[in-house]
Amino acid sequence: MSQLKIVRKLDKWGGWFYRGPEIRATIILWQLTHGFNLVELDNYLEESGWESSAAKANRELLLKRRAQALAAHKAGQHELVVAWLSFLSLAMRAGKRMEFLIPAAKLGKKFSAGRKVNSVGPVRAFIRKYLKQNPKAKAGEVWNALKDAQVKGARVQDSYWSAKYIQRDDGSRMTPKQFSNMVSEERGVQGLKRKPRG
Numbered sequence: 027m028s029q030l031k032i033v034r035k036l037d038k039w040g041g042w043f044y045r046g047p048e049i050r051a052t053i054i055l056w057q058l059t060h061g062f063n064l065v066e067l068d069n070y071l072e073e074s075g076w077e078s079s080a081a082k083a084n085r086e087l088l089l090k091r092r093a094q095a096l097a098a099h100k101a102g103q104h105e106l107v108v109a110w111l112s113f114l115s116l117a118m119r120a121g122k123r124m125e126f127l128i129p130a131a132k133l134g135k136k137f138s139a140g141r142k143v144n145s146v147g148p149v150r151a152f153i154r155k156y157l158k159q160n161p162k163a164k165a166g167e168v169w170n171a172l173k174d175a176q177v178k179g180a181r182v183q184d185s186y187w188s189a190k191y192i193q194r195d196d197g198s199r200m201t202p203k204q205f206s207n208m209v210s211e212e213r214g215v216q217g218l219k220r221k222p223r224g
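Shown next as structure tokens:
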């Protein structure tokens with residue numbers, strides 16, 4: 027009988043029955059002393075999804091390491107048993123993680139940090155939109171509209187007791203002077219002119 031094969035069958039209660047009392051004792055001993063579940067490893071190795079050549083080679087390697095751990099246990103080489111069980115545990119955890127991540131990676135898009143080219147933040151986007159609808163609005167009117175709109179990504183702090191500013195999601199603050207300058211910039215971008223005072 028090859029040690030690279032998992033020899034077990036389901037009993038009448040639905041549990042796995044391994045041939046030989048020494049393997050059953052080993053399963054219990056490893057679970058108690060090392061926290062390693064051999065039945066879980068065997069379930070993992072008998073699951074589907076080992077079709078590709080790389081996966082088949084990986085499965086063969088894990089089966090060899092399983093056989094080596096059992097042989098080391100039989101020979102009384104406890105340090106080697108611990109090493110192989112650590113390897114098998116980490117390999118199983120990594121394999122399960124890859125099973126989850128690879129399909130998600132095939133569907134996903136490449137991540138690029140920062141904003142897209144020519145995109146603007148929430149405050150500037152609100153100013154643009156508001157000035158398109160109300161081209162003659164002053165900076166104070168735009169400020170009040172922003173405060174009432176509760177734009178996601180920018181919280182207006184404007185009360186009698188505290189200073190006036192816009193709190194951004196990144197933690198930075200924009201003063202009313204900076205806001206007024208941004209409104210002026212957007213007027214220039216849109217080609218709007220405010221009527222002179224007087």
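Those letters in the sequence shown? Residues 27 to 224, per this note's numbering, in order. Heads up, the beta-carbon is just placed ideally off N, CA and C, and yes, glycines get one too.
Need the endpoints of the beta strand (DSSP E) that L36 sits in, please.
R34 to L36
List the residues that DSSP assigns as beta-bridge partners of W42.
L36
What does the alpha-carbon distance come out to for the pair M27 and K90?
Reliability fails at M27, whose pLDDT of 39 lies under 50, so the model's placement of it is uncertain and no value is given.
Roughly how far, in whole angstroms, is the beta-carbon of F205 from the beta-carbon of A175, given that I think they are within contact range, below 8 Å?
The Cβ separation is near 14 Å, so there is no contact.
Residue of G46, K178, R150 and S74 minimising C-alpha distance to A165:
R150
Indicate whether L243 and I53 have their beta-carbon atoms separated by less than 8 Å.
Outside the shown range of the chain (27 to 224) lies residue 243, about which nothing can therefore be said.
Compare the Cα-Cα distances from H60 to each of W76, E105, A139 and S78 and report the closest residue.
E105
In angstroms, rounded to a whole number, what distance separates the CA positions of Y44 and A80?
29 Å
Comparing alpha-carbon positions, which option in T201, M118 and E167 lies nearest N69?
M118
Helix, strand or coil for Q183 per DSSP?
strand
Could you check which residue in S210, Q159 and V33 has the C-alpha nearest to that of P47?
V33
Counting along the chain, where does the alpha helix (DSSP H) carrying R50 start and finish?
P47 to H60
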